[in-house]
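Read the structure below first, then the notes.
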Amino acid sequence: MVNLLIILTTIFSGSFIQVNVNNTTKDSIEGRFYMNPPSISYIHVDYPVNQILLNNKDTLIIYYPESNEAFKIVTENPVSEVDASGNFLPILNDEMFNKMGLILVKKDYEEGYFIKYYSPIKKAPIKYLKLSFKKNLIYTMEIIDQKDNILRKSYFDCYNLVEDKNIPFYLKTITYTKEDSSVKIVKYIDIVKIDNVPDSIKNFEIPENAEIKVVEW
Amino acid sequence: MKRFIVITMSVILLITPLMVNAVETNGMGSAVIDAHRDANADVNGALWFGAGCLFGILGVGAAYIIEPTPGASRLIGKSSQYVAVYTDEYKRVGKSIQTKQAVIGCVVSSLAYVVLNIVYVAIYGAYIFTY
Chain A
533 MVNLLIILTT IFSGSFIQVN VNNTTKDSIE GRFYMNPPSI SYIHVDYPVN QILLNNKDTL
593 IIYYPESNEA FKIVTENPVS EVDASGNFLP ILNDEMFNKM GLILVKKDYE EGYFIKYYSP
653 IKKAPIKYLK LSFKKNLIYT MEIIDQKDNI LRKSYFDCYN LVEDKNIPFY LKTITYTKED
713 SSVKIVKYID IVKIDNVPDS IKNFEIPENA EIKVVEW
Chain F
-15 MKRFIVITMS VILLITPLMV NAVETNGMGS AVIDAHRDAN ADVNGALWFG AGCLFGILGV
45 GAAYIIEPTP GASRLIGKSS QYVAVYTDEY KRVGKSIQTK QAVIGCVVSS LAYVVLNIVY
105 VAIYGAYIFT Y
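Read top to bottom, the protein sequences are chains A and F.
Just so you know, we're using the working numbering here: the first sequence kicks off at 533 and counts up by one.
Just so you know, we're using the working numbering here: the second sequence kicks off at -15 and counts up by one.
Here it is, written out as structure tokens:
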């Protein structure tokens, strides 16, 4: 969820329901979010825990108001999630992919879908990012490794116009590993464009008396 | 009847902490499992094998120092205990994969160098490289 809207260029807010399913468990998460990409993303999870996640440039703060506990995760690689990992909104263009280190290498038609293949410029475990389009909107996105295995496949649906952008309000991602697979479904509700992120979020700080664990990545 | 109720209550009182403990352990167990799975999927073993081959002991050192970074999206909706266990375990496993692959790379390249030298000495009577 965090990186799903990070590449948008306008400020959005909304709520979401995320369902995670794997071989042994099924859980759901509900919450609200504000995105002011690329610098700030704020997520307030209401269920199953009361949790605030604030991603501001190179620092991710995770705060639990009820227990007054916090994690301050500092990374040297703040945009590392905006790569070919498969979790972003499909309002991308070639320029955006280039910024992510991917170039268009092949175009094709398969069963009525227009297909685009992107490859990393530098040598990487990923061979292709394969996108299929239906009516000019991204329908699926696959991450394919050097052995032609699909590592992750995402389905995008329920497109809605928010301002002038087509945004899928439904995203299903299947991640394949050697042993099993896991499914993540995200449904967005009431995504709206806003003028500014509220000051309470922009200026959010961990309370002084909170128990803080600093993690450096 | 009174005795039955007392025994039942006693059993419940004794079992409840164990059940709570079991639930907590299960939750943390899943954090460990998730961290293992994610670190194995994320960390590029081949890259660190290559680093070990090319940079020898430096590659091994880099593998130990440079920590892998898991995606923050995996921590949404998770409890603080889960986040604590997951982050620690992910770093531990990721670093272990990096170091192991770099050591293998270092050993393989050293063996290849030795074998190459033996063959070269047998043929030409001198070492390929001398320091």
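Ideal Cβ positions, reconstructed from N, Cα and C, are used throughout, including at glycine.
On a predicted model such as this, the values are computed, not experimentally measured, just so you know.
Item: Could you pull out every unbroken alpha helix (DSSP H) segment of at least 4 residues lying fully inside the region 688 to 737 of chain A, listed in chain order?; Value: 731 to 734
Item: Taking Cβ-Cβ distances shorter than 8 Å, what residues in chain F pair up with Leu586 of chain A?; Value: Within 8 Å Cβ-Cβ: nothing; Leu586 of chain A doesn't reach chain F, min ~10 Å.
Item: DSSP three-state call for Ile112 of chain F: helix, strand or coil?; Value: coil
Item: Could you tell me whether the Cβ of Leu100 of chain F comes closer than 8 Å to any Cβ of chain A?; Value: no
Item: Give me the Cα-Cα distance between Lys662 of chain A and Glu674 of chain A, rounded to the nearest whole angstrom.; Value: 5 Å
Item: I'd like to check one pair, Phe565 of chain A with Tyr579 of chain A: are the Cβ atoms closer than 8 Å?; Value: no
Item: Under 7 Å: does the beta carbon of Lys604 of chain A sit that close to some heavy atom of the ligand MN?; Value: Ligands displayed in this structure: none; no statement on the ligand MN is therefore possible.
Item: How many angstroms separate the CA atom of Tyr97 of chain F from the CA atom of Thr83 of chain F?; Value: 21 Å
Item: Buried or exposed, going by whether 16 or more other CB atoms sit within 10 Å of the CB of Asp22 of chain F?; Value: buried
Item: Please report the straight-line C-alpha distance between Asp590 of chain A and Val747 of chain A, rounded to a whole angstrom.; Value: 12 Å
Item: For a cutoff of 8 Å on Cβ pairs, would you count Ile721 of chain A as touching chain F?; Value: no
Item: What is the rounded straight-line gap between the Cα of Asn555 of chain A and the Cα of Val99 of chain F?; Value: 47 Å
Item: Does the distance from the CB of Ser686 of chain A to the CB of Thr672 of chain A come in under 8 Å?; Value: yes
Item: Going by DSSP in three states, Gln583 of chain A sits in which element: helix, strand or coil?; Value: strand
Item: What three-state label does DSSP hand Gln550 of chain A in the structure shown?; Value: strand
Item: Mind checking Asp722 of chain A: buried by the 16 CB within 10 Å criterion, or exposed?; Value: exposed
Item: Starting from the Cα of Met123 of chain F, find the closest Cα among F:Lys75, F:Thr71, F:Lys79, F:Ala25 and give me that residue.; Value: Lying before the first or after the last residue shown, residue 123 of chain F is absent from chain F, which here runs from -15 to 115.
Item: Using three-state DSSP, classify Ala602 of chain A as helix, strand or coil.; Value: strand
Item: Do you know how far the Cα of Gln583 of chain A is from the Cα of Val577 of chain A?; Value: 5 Å
Item: Check this for me: beta carbons of Pro657 of chain A and Gln678 of chain A, under 8 Å apart or not?; Value: yes
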